[in-house]
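Trainee: Which chain is which? The protein sequence lines are V and R, in order. Be aware that the first sequence starts at 1, since it is given in this note's numbering, and climbs by one per residue. Be aware that the second sequence starts at 1, since it is given in this note's numbering, and climbs by one per residue. All C-beta atoms in this analysis are idealised placements derived from N, C-alpha and C, irrespective of residue type, glycine included. Source: prediction; values computed, not measured. Following this message is one structure expressed as structure tokens.
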Amino acid sequence: MADIYKYRITYKKTGTARYLGHLDMMRAFQRAIRAAGLQPRYSEGFNPHIILSFAQPLPVGMTGLGELADTELLEPFSQEYIISELNAAFPRGLEAIAVRALYPGEKTTAALVRAAEYAITASVQGDGDLKQAAEELMESFSVIIRTEKKGKAPSEVNIRGHITELSVKGTSVRAVLSCGGQGNLRPEIMLSALCDKAGVFMDPNRTEYTRARLIMQNASEGIL
Amino acid sequence: MPNLIPHHILIQASKPARYIGGEPGSVEKDPASVSTRFCLCFPDVYEVGMSWTGLGVLYYMLNARDDVYCERAFAPWADMEGLMRANGLPLATLETGEPLARMDMLGFTLGHEMGYSNMLNMLDLAGIPLLAAERGGQWPLVAAGGACACNPEPMADFVDFFYIGEAEAGFGAVLDRYEPGIPKEDFLLAIASLPGVYVPRFYKPEYKPDGTLRGVFPIRQDVPQVITKAAVNNLDAMFTPDRQITPNVESVHDRAVLEIFRGCIRGCRFCQAGFIYRPCREKSPGRLLDNARKILDSTGYDEISLLSLSTGDYSAFSELADGVQGLGSNISLSLPSLRIDAFSLELMERMEGGRKQGLTFAPEAGTQRLRDIINKNLTEEEILEGCRLAFQGGWNRVKLYCMLGLPFETDDDVRGLADLAAKVADMYYSSIRPKKGGLTVNLSASCFVPKPHTPFQFAAQASYDELCEKQQLLKRSIRSRSVKFSYHNADTSVLEGALARGDRRTGTAILEAFKLGARFDGWSEFFDYGLWKRAFVNAGLDMAFYAHRERPYDEVLPWDHIKTGADKPFLISEMEQARRAVTTPDCRTACARCGACGL
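So, in structure tokens, the structure goes:
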């Protein structure tokens, strides 16, 4: 069996690249890896594809400043080489900023991600005080939202446990929220609950979200 | 940095990555450094336009010049059009976000007639007057090319000049004549005699009392009476890009593409591409493999498709296929337009990694008589033998393409299609022991549309009712449970027929249809036949006059002043051969003296 070299790529998804959907991202990464000549490992089976996994898909329209992806290569390459060659082959706005080799047995980024820090520029109207609402929210034990899923009765969920940090300065909101397979709170749901609490109206189309970093189980991971 | 569409608009659009540009392979230039800003305009949505191979060729060819910046624009999808109109956002290029109205020249590609309304919509979204006569010097020059340019008359009112033929042959010479600030009329006159250039404003159609053409006549002495298409002689020597723009959104054909030859030796009498791209010219395998390696390396694609009208006719096919396979173990080759025989099956087995995808045959017609009429060089024995080999090799899905409404078609010919599909099914059950799952034969029927510059340009298109009857007859005739039948809407084909052989007056109906809201006519969810019928009525025109009328050989056709290859006497003789169900050999077997070589 050939040697396998696993790498974790930290990248930014900014500007126009934030409109690339998850499948577009998969294609862009796979093509860039091939165009960079990185000798990727392919999966077995009838439909071989490059082994590539993302920590957590970034919703369309959201900026990402410290996104993570893992891939497997059949040859070792220097970090500088991987970064420069990927960036030469990426669409505009996608930029690899760090690469490191994984140690043997290290879990994938998707398995390790626990939380994410978001920076939100909220477009709100109304007299309510977002800052005060955020403070109240952090002091309370429950933040109940109603969820409606297709074919299911509406249910009520307490999202408070998924909010680790929350602060407001003007219309800028910073939050650390659960992220990943073990629990995930989308920032727009948190913001909507916050705006409801403050009694302000939020324009979802003019509110901009940035995922500043992903926070891993091992705290040394993913911090810029 | 480009002048972006605002976030709050993009975030409301479906697939917003259609509108952002910045793809690997896209070209960034300083607009201030060039004298000509050119925008390639594709009258369909991004995923469709980005699949068109010619786009990349033109894009890189024009951008190879220091004096030109070539950018791109596509038709925004309906939701985005609504957002743009509601927010007063003009159509702009993907590269710099510059509104189209500020370009020097727009180049529309008209690949099929159903894109006509989208071209007008794109001009309108750009805030540019639709009629060439209403565009003064402050507006961009509007050019058009592509297969539809071989009958330029229906779109003549909207276009400043058509470029007919292959861009590599002479579009550079057109751009050479352009300089900033040159009066439109002067520029158009300067290019009017160049190969492939047709400037409609210098020609005037005259009609007879019965509505047929007397002719399309030059109104000046210094423009040619007949416009001859521009064509490349040596494909190995012409400009060929070594890379492609890899789309942000998965395109319809999202893979590397290798054009292996142009034209076709076959001469199927219904096939416009087979006539207007004559003569058949090949690229050498060495040049192709070098090109393929570079495209794969630069794009990172892992799939490559061979593009031509009939891949199996490529002279050095096995050498090329072996070579492509040698490009990498994870490179898959897709092989459209392939004749199915032992060799090609073995090749597919190798190239497609053991995946047994469906096999496609295009018998087009159901009986040998009708296949002889259309000069389709494929016999029932060949189809059944190909199927037998394929079934033994493990394939169990077959697609049969056919057309309804071909000239001289009888009910027996229609029923023959069902019989052919049944014979394919019988072959399956008699040649192998069926496993679970069994066989699927997809019989797919389109409606024949007579096209300019083909022998069938004289033929009457079957009416809407006739086409529907034929579809129902075929449906009733299918007995085998393995056969799945699907067919195209007849109304789309009738409109295509009326537009394809339209004259300059047809433009009025196209403009009417646009005003009534026609968009994306090639998409069944948008196509509105009733709207188009009203548009023709409003324009005082009869669709049947254009679509369903047999045209005598001595009638002047709206495209008679355009020479694309085969000359009219040859087309007439081919139509007569069809009437007698006599085939014409392919170009390699015997030259039929069509007139296309050495134009």
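Chain R partners of Phe90(V), CB-CB under 8 Å?
Mentor: Pro24
Trainee: Specify whether the segment 244-254 of chain R and the segment 16-32 of chain R touch according to this definition: at least 3 beta carbon pairs, one from each stretch, less than 8 Å apart.
Mentor: yes
Trainee: Any beta-carbon of chain R closer than 8 Å to the one on Gly222(V)?
Mentor: Because Gly222(V) sits at a pLDDT of 47, beneath the cut-off of 50, its placement in the model cannot be relied upon, and the point is left open.
Trainee: Going by C-alpha distance, which of Val324(R), Val424(R) and Glu380(R) is nearest Ser482(R)?
Mentor: Val424(R)
Trainee: With the cut-off set at 8 Å, would you say Ile164(R) and Gly215(R) are in Cβ contact?
Mentor: no
Trainee: Can you find a CB in chain R that lies within less than 8 Å of the CB of Tyr19(V)?
Mentor: yes
Trainee: At which residues does the alpha helix (DSSP H) containing Pro569(R) begin and terminate?
Mentor: Secondary structure note for Pro569(R): its alpha helix (DSSP H) is the uninterrupted segment Lys568 to Arg579.
Trainee: Using 10 angstroms around the beta-carbon of Asp210(R), count the other beta-carbons present and answer buried if the total reaches 16, otherwise exposed.
Mentor: exposed
Trainee: If you draw a straight line from the alpha carbon of Tyr301(R) to that of Ile50(V), how long is it in whole angstroms?
Mentor: 12 Å
Trainee: Short check: CB of Tyr198(R) to CB of Ile562(R), under 8 Å?
Mentor: yes
Trainee: So, helix, strand or coil for Lys451(R), using DSSP?
Mentor: coil
Trainee: Given this structure, state the Cα-to-Cα distance separating Phe545(R) from Leu370(R), to the nearest angstrom.
Mentor: When rounded, the distance between both Cα atoms is 26 Å.
Trainee: Go ahead and pull the three-state DSSP assignment for Asp426(R).
Mentor: In the three-state reduction of the DSSP assignment, Asp426(R) falls in the helix class.
Trainee: Using DSSP with H/G/I as helix, E/B as strand and the rest coil, what is Thr228(R)?
Mentor: Correct three-state label for Thr228(R): strand.
Trainee: Exposed or buried, Ile215(V), counting other C-beta atoms within 10 Å across all chains shown (16 or more means buried)?
Mentor: buried
Trainee: Say whether chain R places a C-beta atom closer than 8 Å to the C-beta of Glu208(V).
Mentor: yes
Trainee: Check the Cβ of Asn330(R) against every Cβ in chain V and list those closer than 7 Å, keeping chain order.
Mentor: Near Asn330(R) (Cβ distances below 7 Å), the residues of chain V are Tyr42 and Pro48.
Trainee: Could you name the residues of chain V that Thr96(R) contacts, counting a contact when the two beta carbons are closer than 9 Å?
Mentor: Under the 9 Å cutoff, chain V gives no residues; its nearest Cβ is about 12 Å from Thr96(R).
Trainee: Mind checking which residues open and close the beta strand (DSSP E) that includes Pro218(R)?
Mentor: Leu213 to Pro218
Trainee: Given Glu95(V), which residues of its chain have a CB within under 7 Å of its CB, disregarding the five upstream and five downstream residues?
Mentor: Tyr11, Lys12 and Asn87
Trainee: Run through the DSSP bridge pairs and tell me what Asp124(R) is partnered with.
Mentor: Paired residue(s): none; Asp124(R) is not in a bridge.
Trainee: So with CB distances below 9 Å, who are the chain R contacts of Ile33(V)?
Mentor: Gly300
Trainee: Which of helix, strand or coil does DSSP assign to Pro40(V)?
Mentor: strand
Trainee: Residue ranges of each beta strand (DSSP E) run of no fewer than 3 residues wholly in the segment 444-521 of chain R, ordered along the chain?
Mentor: DSSP runs (the beta strand (DSSP E)) wholly in the segment 444-521 of chain R: 483-487.
Trainee: Alpha carbon to alpha carbon, how far is Gln225(R) from Asp104(R)?
Mentor: Straight-line Cα distance between these residues: approximately 28 Å.
Trainee: Going by DSSP, what residue range makes up the beta strand (DSSP E) through Asp70(V)?
Mentor: Thr63 to Leu73
Trainee: Using a Cβ cut-off of 7 Å, pull out every chain R residue sitting near Val60(V), in sequence order please.
Mentor: Pro16
Trainee: Can you give me the Cβ contacts of Phe574(R) inside the same chain, cut-off strictly under 7 Å, excluding the 5 residues immediately before and after it?
Mentor: Looking at the sequence provided, one finds Glu at residue 574(R) rather than Phe. Arg269, Pro455 and Thr584, listed in sequence order.
Trainee: Give the single residue among Gln368(R), Ala75(R) and Gln461(R) whose Cα lies nearest to the Cα of Asp419(R).
Mentor: Gln368(R)
Trainee: Starting from the N-terminal side, write out each stretch of the alpha helix (DSSP H) that is 4 residues or longer and does not extend beyond the segment 64-146 of chain R.
Mentor: Runs found: 78-87 and 116-125.
Trainee: Rounded C-beta distance between Ile159(V) and Val143(V)? I'm assuming under 8 Å.
Mentor: 5 Å
Trainee: Quick check on the burial criterion: 16 or more other C-beta atoms within 10 angstroms. Buried or exposed for Phe162(R)?
Mentor: buried
Trainee: Between Asn248(R) and chain V, is the shortest Cβ-Cβ distance under 8 Å, so that the two count as touching?
Mentor: True, the Cβ-Cβ gap to chain V drops below 8 Å.
Trainee: Could you tell me whether the segment 327-345 of chain R touches the segment 299-319 of chain R, using the rule of 3 or more Cβ pairs below 8 Å?
Mentor: In short, these stretches touch, since the Cβ pair count reaches three.
Trainee: Return no unless some Cβ of chain V is closer than 8 Å to the Cβ of His8(R).
Mentor: yes
Trainee: Start and end of the beta strand (DSSP E) containing Asn233(R)?
Mentor: Premise fails: Asn233(R) is in no beta strand (DSSP E) and is neither H nor E.
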